[in-house]
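A.B. asks: For the sequence shown, my numbering assigns the number 474 to the initial residue and increments by one for each residue that follows. Glycine included, each C-beta is placed from N, C-alpha and C at the ideal position. Please read all numbers here as calculations on a predicted model, not as lab measurements. To start, I am sharing the structure in question, which I have written as structure tokens.
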Amino acid sequence: MLHISLGDSFIDAKLIILQIVLMQTCNYFLLILLCILFCIPFGFTPTIEQLFSYKAISVFSLFGWINILIWLTDGIIGGLLLFLIVRRSKKCLDFTITFHLIHFIGCIIYKSFPIYWEWYCCILLHAIIMIIIGEISCYWREKREILLTSNNSSSVNDDDDEEDVGNKL
């Protein structure tokens with residue numbers, strides 16, 4: 474594996490790149506799925522514009538509100554993806570910023586530089602939701618009790634310790 478040395482610590486570059494690719498792929502797959510699920514009942518046709526055009530997010534139309542709802546729902550699911558893919562609370566912020574930076578570049582390439590304030594608010598809320606859910610869920614996993622299996626000899630010692638405590642009282 475490719476390791477980059479930073480003093481005594483090693484960063485597995487292939488793992489990080491794989492996690493970035495997985496986060497991008499899974500988030501865009503979910504965004505497409507959510508576009509289909511949310512647009513068809515309202516009679517709208519899902520398009521790639523909804524993902525990469527800043528003009529699709531607006532508070533002045535039903536279509537815009539649907540797109541805002543799609544992005545906020547994806548923020549919740551994206552937080553769970555951080556829990557499943559990244560698995561470290563310290564890295565949730567980094568991977569979320571990376572996702573949004575790549576998305577921002579994709580939006581510029583697809584259409585142009587985003588100029589609507591609604592787009593920035595929606596993407597910022599998406600990032601905040603994703604970070605909070607990702608960090609809380611990863612932190613919960615990191616801080617839960619570690620259950621150790623005990624063998625017979627340690628369980629005998631535990632019973633002796635309990636008897637000693639009982640005798641001392």
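#1: Is the beta carbon of Arg560 closer than 9 Å to that of Arg614?
#2: If you draw a straight line from the alpha carbon of Cys512 to that of Leu621, how long is it in whole angstroms?
#3: Would you check if the distance between the CB atom of Tyr593 and the CB atom of Phe525 is smaller than 9 Å?
#4: Less than 9 Å separating the beta-carbons of Phe517 and Phe533?
#5: Check for me: the alpha helix (DSSP H) holding Gly607 runs from which residue to which?
#6: What residues in its chain sit with their C-beta under 7 Å from that of Phe515, if we drop five residues either side in the sequence?
#7: Just the C-alpha distance for Met496 and Ile558, rounded to the nearest angstrom, thanks.
#8: Using C-beta distances below 6 Å, list every residue in its chain close to Leu503, excluding the 5 sequence neighbours before and after it, in chain order.
#9: Give me the Cα-Cα distance between Leu491 and Ile575, rounded to the nearest whole angstrom.
#10: Over the uninterrupted alpha helix (DSSP H) stretch that includes Phe502, give me the two end residues.
#11: List the endpoints of the continuous alpha helix (DSSP H) containing Tyr583.
#12: With DSSP run on the structure shown, which of helix, strand or coil describes Ile521?
C.D. replies: Per the coordinate set shown:
#1: yes
#2: 49 Å
#3: no
#4: no
#5: 590-616
#6: Leu535, Ile539
#7: 7 Å
#8: Asp547, Ile550
#9: 15 Å
#10: 486-512
#11: 562-583
#12: coil
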